[in-house]
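Single-structure report; data block below.
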Amino acid sequence: QVQLKESGGGLVQPGGSLRLSCAASGSLFSICDVGWYRQAPGKQRELVATITRGGSTNYVDSVKGRFTISRDNAKKMVYLQMNSLNSEDTAVYYCNVIRLGSVYWGQGTQVTVSS
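Our numbering puts the first residue of the sequence shown at 921, with every later residue one more than the last.
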């Protein structure tokens, strides 16, 4: 079993930055692939960024160059550094972990970009 807890969301002005954190519990975190997803009002949940157990990263085109995903296996933490935020980044952001074929989700953290 894996439990995930996101934090770091909030209200930020356009052009600002936020750093999301995801704390994981459970064993074998270091062998998990991890991702951040987001869901805006009225839209489907979409993949934002992933980082594999080996550290390889992937991003949706709309956030490339602005967002950075990272992980600290010793602390069982995943981070999403978000820079140059704009209104289209407004969404609930979810942490996702794939562990031994099972998928786990956090409860989400709201990010609102508005002046």
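Where a beta carbon is used, it is the ideal one built from N, C-alpha and C, also for glycine.
For this session: Could you pull the start and end residues of the beta strand (DSSP E) that A994 belongs to?
Result: Counting along the chain, A994 falls outside any beta strand (DSSP E), and DSSP gives it neither H nor E.
Problem set entry | Neighbour-count burial assignment, G985, 16 or more Cβ in a 10 Å radius | By the neighbour-count rule (16 or more Cβ atoms within 10 Å), G985 is not buried but exposed.
Exercise. Going along the chain, which residues of its own chain have a beta-carbon closer than 8 Å to the beta-carbon of R939, five neighbours each way excluded?
Worked result: G928, Y999, L1000, Q1001 and M1002, listed in sequence order.
Exercise. For the stretch 937-981, which segments carrying the beta strand (DSSP E) assignment without a break, of at least 3 residues, lie completely within its bounds, in sequence order?
Worked result: Listed in chain order, they are 938-945, 953-959, 966-971 and 977-979.
For this session: Examine the Cβ distances between the stretch 950-966 and the stretch 1005-1023 and report whether three or more of them are shorter than 8 Å.
Result: Yes, since at least three Cβ pairs between the stretch 950-966 and the stretch 1005-1023 fall closer than 8 Å, the two stretches touch.
For this session: Would you kindly work out how many angstroms separate the C-alpha atoms of V1033 and G936, rounded to a whole number?
Result: Here the alpha carbons of G936 and V1033 stand approximately 8 Å from one another.
Exercise. Going by beta carbon distance, what residues of the same chain come within less than 8 Å of L948, once the five residues before and after it are set aside?
Worked result: Residues R1019 and L1020 of the same chain have their beta carbon placed closer than 8 Å to that of L948, with the five preceding and five following residues left out of the count.
Exercise. Taking just the CA atoms, how far does Q964 sit from L924?
Worked result: For L924 and Q964, the distance between alpha carbons rounds to 21 Å.
Exercise. How big is the Cα-Cα spacing for G962 and D953?
Worked result: The straight-line gap from Cα to Cα measures roughly 28 Å.
Exercise. Exposed or buried, V983, counting other C-beta atoms within 10 Å across all chains shown (16 or more means buried)?
Worked result: A residue is called buried once 16 or more other Cβ atoms fall within 10 Å of its Cβ, and V983 is buried on that count.
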